Amino acid sequence: MLAGRDSESQPQSQQSGSGRAGQRRTSDESGPQSPRRRRYRPGTKALKEIRHFQSTTSLLIRKLPFSRLVREVAMKLYPNRERLYWSATAIMALQEAAEAFLVRMFEDTNLCAIHARRVTIMVKDIWLARRIGGYDFS
1 MLAGRDSESQ PQSQQSGSGR AGQRRTSDES GPQSPRRRRY RPGTKALKEI RHFQSTTSLL
61 IRKLPFSRLV REVAMKLYPN RERLYWSATA IMALQEAAEA FLVRMFEDTN LCAIHARRVT
121 IMVKDIWLAR RIGGYDFS
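Here's what the structure looks like:
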């Protein structure tokens with residue numbers, strides 16, 4: 001008899017008892033829900049960030065950490081000096097030049113990756129761009 005089955009003869013997955021696996025949440029017992037965040041497809045957010053940063057002219061490296069780095073390098077280059085004084089415009093000029101250099105190097109690196117029929121840049125692209133573009137400092 002099909003209609004007279006009790007829960008003991010049914011497999012565990014088909015029983016509708018107090019097990020958590022078979023229960024579904026309703027909207028009443030789910031609690032407060034926050035609005036779902038928008039999920040972008042892979043790469044969409046990266047392209048949006050690229051467009052944003054290409055349209056801005058502001059500096060991307062923070063000023064205080066860059067200033068500390070400049071002072072640290074200067075102290076290593078001139079250890080006999082007790083203290084070197086830097087004007088704000090000198091540090092800003094160094095930062096502008098450093099960021100322009102990095103942007104140019106990454107443009108060349110991206111061209112090397114595209115030449116290799118890839119979209120993702122790799123370390124070997126950076127090495128090739130440095131060698132071709134004369135960025136080698138050794």
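Numbering (full-length UniProt numbering) for the sequence shown: 1 to 138. Heads up, the beta-carbon is just placed ideally off N, CA and C, and yes, glycines get one too. All figures in this text were calculated on a predicted structure; none of them were measured in a lab.
Alpha carbon of residue i to alpha carbon of residue j, nearest angstrom
i      : j      : result
His115 : Ala90  : 38 Å
Gly43  : Val119 : 11 Å
Ser55  : Lys48  : 11 Å
Tyr85  : Arg36  : 52 Å
Ile126 : Phe66  : 22 Å
Ala98  : Met92  : 10 Å
Lys63  : Arg41  : 33 Å
Ala88  : Arg117 : 43 Å
Asp136 : Arg51  : 30 Å
Glu72  : Gln33  : 50 Å
Phe53  : Leu69  : 24 Å
Arg38  : Lys45  : 11 Å
Proximity winner among the options, relative to residue i (alpha-carbon distances)
i      : options                   : result
Ser58  : Ala113, Gln95 and Lys124  : Gln95
Leu102 : Tyr85, Ala129 and Ala88   : Ala129
Lys124 : Gly133, Ala113 and Arg117 : Ala113
Ala100 : Lys76, Leu60 and Asp136   : Leu60
Gly133 : Arg104, Ile121 and Met122 : Arg104
Practice task
Give a yes or no on contact between the stretch 106-113 and the stretch 80-87, applying the rule of three or more CB pairs nearer than 8 Å.
Solution key: By the criterion of at least three beta-carbon pairs nearer than 8 Å, the stretch 106-113 is not in contact with the stretch 80-87.
Handout entry: Runs of alpha helix (DSSP H) lying entirely within the UniProt domain "Core Histone H2A/H2B/H3" (42-132), each at least 4 residues, in chain order
Key = As for any alpha helix (DSSP H) of minimum length 4 sitting wholly inside the UniProt domain "Core Histone H2A/H2B/H3" (42-132), the runs are 44-55, 63-77 and 88-115, ordered along the chain.
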